[in-house]
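A quick write-up on the structure given underneath.
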Amino acid sequence: MQDDRLIVALDVPNALEGLQLAETLGASVSFYKIGLGMLTGGGLALANELKQEHGKRIFLDMKLFDIGATIEAAVRGLAQFDLDFLTVHGDPHVVRAAKEGAAGKPLKILAVTILTSLDRADLDAGLIKPGDLPDLVAERAGRAFEAGADGVIASPQEAAMIRALPQATGRLIVTPGVRPVGSALGDQKRVATPAQAVADGADHIVVGRPVWAAEDPRAAAEAILTELRG
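In structure tokens:
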């Protein structure tokens, strides 16, 4: 039985390297994230190939943000690819439009609350209202759920707070910013270990650099899965 709680981020330059990494990881990893960094390097083609030819689940991390009509059209186009997860910004008008675009398709819409690389100083610079960051994340998550989001993206440190929300029943929590024990933080500021993130309510964890930059990526992925299984 494959464990799809681990989503490996294919943060490599192009589709060819992404496919090579997926082949290296083999059956140990069943779920992949493809983001904006690979969009011009064949990301959509890779997503389709991994899904249709290799039976993998795919999380398209586009973090879409625009007026409602544009979001609805973009999501309707992406939903044709039979992918699993798509991210949009958690503003209610964006979430509602994305759900309209995905209507009738299995694509789940995940709302971004506050990026895991940001802290309060970053929010001040972006003119985001005052308040403790975890409280703002929980508030944004609640509003996204009310707008119809199938789940949210949030750091592991807010997962427990979001899971406790009444609106979170039956919804997904997907956590980037996960670092296995002993890993470097990289550009993440709000992190936790894989086991802690799941214990706090995450359904899926997203891990990139600690897998693809490892000397033995497959062994790194399998070590994370072993940690998840306790």
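The numbering used here puts the sequence shown at residues 3 to 232.
Even glycine gets a Cβ: it sits at the ideal position worked out from N, Cα and C.
Extent of the continuous beta strand (DSSP E) run through residue i
i      : result
Leu230 : Unbroken run through Leu230 is the alpha helix (DSSP H), Pro219 to Leu230; no beta strand (DSSP E).
Lys110 : Lys110 to Val114
Residue interval of the alpha helix (DSSP H) (run including residue i)
i      : result
Gly20  : Ala17 to Leu27
Ile175 : Where Ile175 is concerned, there is no enclosing alpha helix (DSSP H), although the beta strand (DSSP E) it sits in stretches over Leu174 to Thr177.
Ala201 : Pro196 to Ala201
Leu52  : Gly45 to Gln54
Ile73  : Gly70 to Ala81
Per-residue DSSP class, three states only, for residue i
i      : result
Arg98  : helix
Ile155 : strand
Exposure label - residue i; buried when at least 16 CB within 10 Å
i      : result
Lys131 : exposed
Gln198 : buried
Ala166 : exposed
Pro168 : exposed
Residues bridged to residue i [DSSP beta-bridge criterion]
i      : result
Phe61  : Lys35 and Phe87
Lys131 : DSSP lists no partner for Lys131.
Val208 : Ile9
Val180 : Ala194
Closest residue to residue i among the options (Cα-Cα distance)
i      : options                         : result
Arg59  : Ala11, Pro196 and Asp218        : Ala11
Phe67  : Ala99, Phe87, Asp205 and Ala215 : Ala99
Ala221 : Glu19, Arg7, Val14 and Leu23    : Leu23
Asn16  : Ile9, Leu27 and Ala47           : Ala47
Lys35  : Leu174, Val209 and Arg231       : Val209
Gly70  : Arg211, Gly44, Lys101 and Asp63 : Lys101
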